[in-house]
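Residue numbers (the numbering used here): 1122 to 1343.
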């Protein structure tokens, strides 16, 4: 229940600041987690990125205001965080399928994205079989990099670069045998993130292999 309260508190903050500045740190603090963890968790649960959710909510409110007021389009654009009527019109067209001026026409069809709420859904008609297992601790080694949350470079680019320069193949060749707990058909190169604290607006990411007796980890981060 505490988790639900924290997530809904974060959504309350977003809703109260749709016509102002939304600080990612403030959202994360409402949920008692890091900025990176909140964005990942939000996307996983809702199947939409946090930035896209905020964009949809702002454009939903902008459409309502266009239909129910005589305010100029440029004023509404600025109110909802757009620097120019052109960028606002482009975003509005992309979401609603019409330009802002047409939104005021009688009978025009627009889209509305309501505020999200996190709730618990309880079902008990089907049993769920489960077991809890304790795995042994393990070490990994590989190519490590620290990324900025909103930086231009992403882990996907690290993967692409490492494939192109042969680093993935070299890491696989030095990995040795996979742990017994993993299927022997799995690829030997994996990835991990958030395994240590780096900074408020950064997160660690590593292309890695499991370190075993036959591994050759010299020169890699362990």
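Every residue, glycine too, gets a C-beta built ideally from N, C-alpha and C.
- By the C-beta density criterion, residue 1263 is buried, having at least 16 other C-beta atoms within 10 angstroms.
- Collapsing the DSSP output to three states places residue 1300 in coil.
- In this structure, DSSP gives residue 1328 an extended state, which the three-state scheme calls strand.
- Taking a 10 Å sphere around the C-beta of residue 1156, we find 16 or more other C-beta atoms and assign the residue as buried.
- Where residue 1157 is concerned, the enclosing alpha helix (DSSP H) starts and stops at 1156-1167.
- Assignment of beta strand (DSSP E) within the stretch 1256-1318, counting only whole runs of 3 or more residues, yields 1261-1269 and 1311-1314 in chain order.
- Apart from sequence neighbours up to five positions away, the residues of its chain that approach residue 1326 with a beta-carbon distance below 8 angstroms are 1265, 1266, 1267, 1268, 1276, 1279, 1312, 1313 and 1314, ordered along the chain.
- Inter-segment contact for the stretch 1126-1139 and the stretch 1169-1180 is present: three or more beta-carbon pairs are separated by less than 8 angstroms.
- Per DSSP, residue 1195 is one residue of the alpha helix (DSSP H) stretching across 1194-1200.
- In this structure, the alpha-carbon of residue 1191 lies about 39 angstroms from that of residue 1270.
- Annotation for residue 1219: no alpha helix (DSSP H) segment contains it, and DSSP assigns it neither H nor E.
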